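To keep things clear, I will list the structure first and then write my remarks on it.
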Amino acid sequence: MALPASAQAQGSVSGIARNDEGAPLAGVKVEAVYQTVSAPRLPYGGRSIKAVGETGPDGRYSLSLAGLPPGEYSANAYQIIVNGGRRLQIDLVASDTATFGSHEAVRRDFRQEMVESSPELPYGNGGVFVIENAISDYTDLSEAEISLVPRRGARPITKRVRRTGEGLVVTGIPFGTYRVSARLGGRPLALRLWGPDIADRYAETVEHDFTMGALGNQFRVLARLPDG
1223 MALPASAQAQ GSVSGIARND EGAPLAGVKV EAVYQTVSAP RLPYGGRSIK
1273 AVGETGPDGR YSLSLAGLPP GEYSANAYQI IVNGGRRLQI DLVASDTATF
1323 GSHEAVRRDF RQEMVESSPE LPYGNGGVFV IENAISDYTD LSEAEISLVP
1373 RRGARPITKR VRRTGEGLVV TGIPFGTYRV SARLGGRPLA LRLWGPDIAD
1423 RYAETVEHDF TMGALGNQFR VLARLPDG
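Its first residue numbered 1223, the sequence shown is counted upward by one per residue in our numbering.
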């Protein structure tokens, strides 16, 4: 539905995307998304309306809102990576998450960094490690400490689980293949991978990448106290 020129936005958003070391990041997808939902006569309440662009070799981008409906907009940016043969969207962190008016010219910079949890990203923007009790095991795992050793590249990660709607998790993990172990009160736990067609075999360590779950971004295990 075309809008008369007098009812169209005239603002813009621009900025730069950087990697976790502060260097400009090219090829990042950037969107300015219409936020004035329930606006009359706009399809889906305006939720599908946005301006899109991409950062150049210098990491910079500029999006014009010209021709879009007046109202409130928000800016977000993301990269597409391939993990275990699947394409995943990794959100970048905005310098300012506030919405802005369609008449404004604003700056929003973005940074590539791992987020464990935030209001916008409750499960972070990386891999999600999920630990659950083995069948017929009722051990309280809420104090379990998880160690993730990458096959290559990143440094080892050791973190305590936190409780979420998804269960007990560790979040904000860079994607890759890891060897994982878990301890509870200083004692090692017996682990096995959790998923279809996976052997019911427990060990002190298991190895996998973050390709499990409906979104293909999880590493899921079952845990129990070891025998003896």
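For every residue, glycine included, the Cβ atom is placed at its ideal position computed from N, Cα and C.
Only a predicted model underlies this, so the values are computations on that prediction, with no experimental measurement involved.
Alpha-carbon spacing of residue i relative to residue j, whole angstroms
{"i": "ARG1333", "j": "ARG1442", "result": "28 Å"}
{"i": "LEU1447", "j": "THR1361", "result": "8 Å"}
{"i": "MET1223", "j": "GLY1289", "result": "Caution applies to MET1223, whose pLDDT of 47 falls short of 50 and renders its modelled position unreliable; the value that the coordinates give is listed next. Whole-angstrom Cα-Cα distance: 11 Å."}
{"i": "GLY1346", "j": "HIS1325", "result": "32 Å"}
{"i": "TYR1283", "j": "ALA1436", "result": "32 Å"}
{"i": "GLN1257", "j": "LEU1411", "result": "46 Å"}
{"i": "GLY1398", "j": "GLY1417", "result": "18 Å"}
{"i": "VAL1402", "j": "VAL1371", "result": "6 Å"}
{"i": "MET1434", "j": "PRO1291", "result": "40 Å"}
{"i": "ALA1327", "j": "ARG1309", "result": "33 Å"}
{"i": "VAL1235", "j": "ILE1303", "result": "25 Å"}
Integer Cβ distance of residue i from residue j, believed to fall under 8 Å
{"i": "ALA1425", "j": "LEU1413", "result": "7 Å"}
{"i": "ILE1238", "j": "GLY1281", "result": "5 Å"}
{"i": "GLY1244", "j": "GLU1276", "result": "Not confirmed; about 20 Å, so no contact."}
Of the residues the options, the one placed nearest residue i, counting alpha carbons only
{"i": "PRO1341", "options": "SER1324, ILE1238, GLY1307 and THR1319", "result": "THR1319"}
{"i": "SER1339", "options": "ARG1377, GLU1326 and ARG1385", "result": "ARG1385"}
{"i": "GLU1429", "options": "LYS1381, ALA1436 and PHE1351", "result": "PHE1351"}
{"i": "LEU1314", "options": "VAL1337, ARG1329, GLY1349 and SER1296", "result": "VAL1337"}
{"i": "ALA1404", "options": "SER1369, GLY1233, ILE1271 and PRO1292", "result": "SER1369"}
{"i": "ILE1395", "options": "LEU1247, ARG1382, ALA1421 and LYS1272", "result": "ARG1382"}
{"i": "LEU1390", "options": "ARG1374, LEU1363 and ILE1379", "result": "LEU1363"}
{"i": "VAL1392", "options": "GLY1306, GLY1349, LEU1343 and VAL1255", "result": "GLY1349"}
{"i": "GLY1323", "options": "ILE1302, GLY1233, GLY1407 and ALA1273", "result": "GLY1233"}
{"i": "ASP1331", "options": "ASN1439, GLN1440, ARG1240 and ASP1431", "result": "ARG1240"}
{"i": "ALA1356", "options": "ARG1423, PRO1378 and GLU1365", "result": "ARG1423"}
Reduced DSSP secondary structure (H/G/I, E/B, other) of residue i
{"i": "VAL1443", "result": "strand"}
{"i": "ILE1395", "result": "strand"}
{"i": "GLN1232", "result": "coil"}
{"i": "ASN1296", "result": "Inspection of the sequence shows that residue 1296 is occupied by Ser rather than by Asn. In this structure, SER1296 counts as strand in the three-state DSSP scheme."}
{"i": "VAL1250", "result": "coil"}
{"i": "MET1223", "result": "In this prediction, MET1223 has a pLDDT of 47, which is less than 50 and means its spatial position is unreliable; what the coordinates show is noted afterwards. Three-state result, MET1223: coil."}
{"i": "ASN1241", "result": "coil"}
{"i": "LEU1370", "result": "strand"}
{"i": "GLU1354", "result": "strand"}
{"i": "PRO1344", "result": "coil"}
{"i": "ASP1449", "result": "coil"}
{"i": "SER1482", "result": "Past the boundaries of the shown model lies residue 1482; the chain is included only from 1223 to 1450, so the question cannot be answered."}
At which residue ranges does the segment 1284-1331 contain complete beta strand (DSSP E) runs of 3 or more residues, listed in the order of the chain? 1294-1305, 1308-1313 and 1327-1329
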